[in-house]
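In the working numbering, the protein residues as written are 9 to 377.
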Ligand code: SF4
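See below:
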């Protein structure tokens, strides 16, 4: 089904019907994953304070609608950091394919592939958190013990219309099967909640399900520009106390500017880092890298200004105060979480030491080509 712009200029695909159909099928297990930025915007349509973290309410609403399992994409953001920081260290050691370009944002990845093809090899081989999680969920339910005779459908709830395109890409398949079956945006989610007659503002909070129900604060801040970089640095820097977290937060990746540059010292080496959001800024950064004017070790780019909190699938309008409220909402959510680093997430063990995933890290977490 499609929603048409009144002027006919834009056609936006909606996948709500496919989700209802899957939910109505008793032989199907419907599993949801919710991206970090969704939680600070979904409440807008229900009168919740701007930027309030509505994650527990969204989880409860999805359970009411009939989703069998609900997970937080921040879990696979933790997997992303485990993999991407290992990849970064390996490249630093070999001095190859630097700067490392982040790969979480499909619009940015496509931009590099089309506009700066000489830098294709610099893009991290890591799948995005959406694609990592879907591949992991599908693999988990390939085990007949977990599947209980049901087919699995993965529904990804994203702040982003580009994630629909990402789920269709040829490298978003594992073992010949599509990893993410359906992608819906935050606005599609709020329409479904309304259709189901659920008052999001009144519903009691519920938690995500096991075995992937715990994420770190580092995974949650993926939704705002600079979040991926901050998560990587948390992984690299030893210690986890408030003083360490505060000093990382002040390193230079946070804030409103479209392009931010800073350096950190890691094992005696100075690492130059650039964080940018918005494709006009991305172009500026890449042109400076191409001309040799700038040299970085790591570049994080999100195609939307300020990151996924301002994605194309989020409710509009979001004036300046709303933008700030959404970013603050994610930082506040991180502040409330005891686990700040991916390495301290006890459920990383489910993947790295679990029988279901032995020897499959590369196949499930990295792009095949
Ligand atoms: Fe999607 Fe925008 Fe986030 Fe990129 S920055 S993943 S385009 S919402």
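Glycine included, C-beta positions come from ideal geometry on N, C-alpha and C. Because the structure is a prediction, the values reported are computed rather than measured.
heavy atom of the ligand MG below 6 Å from residue i C-beta
{"i": "residue 235", "result": "Summarising the ligand content, the structure contains the ligand SF4 and does not contain the ligand MG."}
Endpoints, the beta strand (DSSP E) within which residue i is located
{"i": "residue 41", "result": "36-42"}
{"i": "residue 164", "result": "159-166"}
Start and end residues, alpha helix (DSSP H) containing residue i
{"i": "residue 194", "result": "194-203"}
{"i": "residue 92", "result": "81-102"}
{"i": "residue 73", "result": "63-73"}
{"i": "residue 310", "result": "Run containing residue 310: none in the alpha helix (DSSP H); it sits in the beta strand (DSSP E), 306-310."}
{"i": "residue 391", "result": "Residue 391 lies beyond the range of the chain shown here (9 to 377); nothing can be said about it."}
{"i": "residue 256", "result": "250-257"}
{"i": "residue 235", "result": "235-244"}
{"i": "residue 302", "result": "Careful: residue 302 lies outside any alpha helix (DSSP H) and carries neither H nor E."}
{"i": "residue 3", "result": "Residue 3 cannot be examined here, being either before or after the span of the chain that is shown, 9 to 377."}
{"i": "residue 343", "result": "328-343"}
{"i": "residue 122", "result": "114-123"}
{"i": "residue 176", "result": "170-176"}
{"i": "residue 320", "result": "Element bounds for residue 320: n/a, residue is neither H nor E."}
{"i": "residue 228", "result": "225-228"}
Bridge partners - residue i, DSSP secondary structure assignment
{"i": "residue 358", "result": "DSSP, once it has assigned bridges, lists no residue as partnering residue 358."}
{"i": "residue 273", "result": "278"}
{"i": "residue 374", "result": "134"}
{"i": "residue 268", "result": "283"}
{"i": "residue 181", "result": "186"}
{"i": "residue 109", "result": "131 and 307"}
{"i": "residue 214", "result": "Paired residues: none, contrary to the question."}
{"i": "residue 77", "result": "39"}
{"i": "residue 232", "result": "For residue 232, which the question treats as bridged, DSSP gives no partner whatsoever."}
{"i": "residue 297", "result": "DSSP, once it has assigned bridges, lists no residue as partnering residue 297."}
{"i": "residue 413", "result": "Given that the chain is displayed from residue 9 to residue 377, the structure contains no residue 413 and the question cannot be resolved."}
Discussion item. I'd like to know if the segment 317-326 and the segment 183-202 are in contact, where contact means that at least 3 CB-CB pairs between them fall below 8 Å.
Written reply: yes
Worksheet item: Hey, is the segment 166-178 in contact with the segment 45-62, meaning 3+ C-beta pairs nearer than 8 Å?
Response: The segment 166-178 vs the segment 45-62: in contact.
Worksheet item: For the ligand SF4, which residues count as neighbours when the test is a C-beta closer than 5 Å to any heavy atom?
Response: 113, 115, 167, 168, 170, 310, 311, 312, 316 and 319
Discussion item. Does the segment 328-346 come into contact with the segment 142-151, if we say contact requires no fewer than three beta-carbon pairs (one atom in each stretch) closer than 8 Å?
Written reply: The segment 328-346 is not in contact with the segment 142-151.
Worksheet item: Per the contact definition of three or more C-beta pairs closer than 8 Å, is the segment 52-66 in contact with the segment 231-238?
Response: no
Discussion item. For the structure I just gave you, are there three or more beta carbon pairs, one from the segment 98-105 and one from the segment 117-125, closer than 8 Å?
Written reply: no
Item to complete: For the segment 330-343 and the segment 125-135, state whether three or more C-beta atom pairs, one from each stretch, are separated by less than 8 Å.
Response: no
Worksheet item: Do the segment 252-267 and the segment 72-90 make contact, defined as three or more Cβ pairs closer than 8 Å?
Response: no
Worksheet item: Between the segment 71-78 and the segment 356-371, do at least 3 Cβ pairs fall closer than 8 Å?
Response: no
Worksheet item: Is the number of C-beta pairs between the segment 49-58 and the segment 202-219 that are closer than 8 Å three or more?
Response: yes
Practice prompt. Tell me, please, whether the segment 84-92 touches the segment 276-296 by the rule of three or more beta-carbon pairs shorter than 8 Å.
Written response: no
Discussion item. I want to know whether the segment 302-314 touches the segment 101-115 - three or more CB-CB distances under 8 Å.
Written reply: yes
Worksheet entry | the segment 289-304 touching the segment 242-257, judged by at least three CB pairs closer than 8 Å | no
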